[in-house]
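Asker: I'd like to ask some things about the structure below.
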Amino acid sequence: ERLPSPSPDEGAVVFTTDVNEEALASLRKERPSAIETYPMNVLSDESVRSGVERAEPLDVVFNCAGYVHGGTVLDCTDEEWDFAFDLNVRSMFRTIRAVLPGMLERASSASAQGVEGVGCRGCCSIINMSSVASSVIGAPNRFVYGTTKAAVVGLTKSVAMDYVKMGVRCNAICPERATAPACTIASAPRVITSRRWRSLFRDSPWDGLPRRRRWLPW
5 ERLPSPSPDE
15 GAVVFTTDVN
25 EEALASLRKE
35 RPSAIETYPM
45 NVLSDESVRS
55 GVERAEPLDV
65 VFNCAGYVHG
75 GTVLDCTDEE
85 WDFAFDLNVR
95 SMFRTIRAVL
105 PGMLERASSA
115 SAQGVEGVGC
125 RGCCSIINMS
135 SVASSVIGAP
145 NRFVYGTTKA
155 AVVGLTKSVA
165 MDYVKMGVRC
175 NAICPERATA
185 PACTIASAPR
195 VITSRRWRSL
205 FRDSPWDGLP
215 RRRRWLPW
């Protein structure tokens with residue numbers, strides 16, 4: 005139900021943030037030696053800035069906060085539209101804007117020292133959670149969600165084009181519906197079935213993430 009975390013044996017220090025402090029406490033108890041946790045609200049510029057300062061220097065950032073709205077364009081209120089874009093898209097803008105200066109500095113320093121892996125491949129990485137329900141394909145009753153996730157793909161490609169040659173990569177992953185506590189509402193009968201998703205991506209090695217990754221810019 006969770007994405008794998010880097011192992012401390014690999015020398016990684018993993019910071020996990022959330023607005024749900026109880027969930028963070030549970031995760032910390034589950035893996036006390038593998039991660040560090042602290043609360044952060046991605047809807048707040050100040051919270052994001054202070055959270056990034058606490059974790060820096062950063063080599064990898066994974067933006068995964070999100071909201072799934074169920075319904076069509078006729079079911080969407082202005083408030084739901086604004087909230088979805090704030091949480092699904094603007095939160096990534098806030099985070100990327102906060103982490104990029106430090107990442108660019110690290111990439112420049114690594115390049116000057118001749119460290120392997122910089123340049124076009126990049127020594128720092130930003131990963132954004134998108135979805136197949138985006139600009140990839142449409143999904144019924146996912147009007148707001150699909151629109152925001154399409155925006156994430158565009159945001160990702162723009163950041164990638166601007167900074168990949170400076171040593172910072174930016175990619176989006178586009179899985180199908182996943183099994184996770186935050187996605188339980190996505191099991192409503194109106195949602196497109198998993199069988200349908202899998203018929204679209206028969207070669208997927210992991211939860212509908214196509215092997216070719218043709219919408220990942222770098």
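Residue numbers for the sequence shown follow our numbering, so the first one is 5 and each next one is one higher.
Using N, Cα and C, we set each Cβ at its ideal position, and we do this for glycine too.
On a predicted model such as this, the values are computed, not experimentally measured, just so you know.
#1: Where VAL157 and LYS33 are concerned, what is the direct C-alpha to C-alpha distance, given to the nearest angstrom?
#2: Check for me: the alpha helix (DSSP H) holding MET165 runs from which residue to which?
#3: Buried or exposed: where does PRO179 fall if 16 or more other Cβ atoms within 10 Å of its Cβ makes it buried?
#4: Three Cβ pairs or more, each shorter than 8 Å: is that satisfied between the region 143–157 and the region 70–84?
#5: If you check the beta carbons only, do VAL136 and ARG98 fall under 8 Å apart?
#6: Can you give the beta carbon distance from MET133 to CYS68, rounded, assuming they're within the 8 Å contact cut?
#7: Can you tell me which of SER95, TYR42 and LEU62 puts its alpha carbon nearest to the alpha carbon of SER172?
#8: Exposed or buried, what is GLY15 when buried is set at 16 or more other beta-carbons lying within 10 Å of its beta-carbon?
#9: Taking GLU60 as the reference, which of VAL103, ALA27 and SER48 has the closest Cα?
#10: Who does ILE131 pair with in a DSSP beta bridge?
#11: Using only CA atoms, which one of PRO36, ILE100 and THR152 lies nearest to ASP2?
#12: So, using beta-carbon positions, are LEU159 and MET96 closer together than 8 Å?
#13: Could you tell me which of ILE131, ALA154 and VAL163 sits nearest to ALA88, measuring between CA atoms?
#14: Distance, Cα to Cα, ALA2 vs ARG58?
Answerer: The short version:
#1: 34 Å
#2: 147–167
#3: buried
#4: yes
#5: no
#6: 4 Å
#7: In the sequence under discussion, the amino acid at residue 172 is Val, which differs from the Ser named in the question. It is LEU62 whose Cα lies nearest to the Cα of VAL172.
#8: exposed
#9: Scanning VAL103, ALA27 and SER48 for the CA closest to the CA of GLU60 turns up VAL103.
#10: PHE66 and ASN175
#11: Look at the range of the chain in this structure, 5 to 222, and you will see that residue 2 is not part of it.
#12: In this structure, MET96 lies closer than 8 Å to LEU159 by Cβ.
#13: ALA154
#14: The requested residue 2 is not part of the displayed model; the chain covers only 5 to 222.
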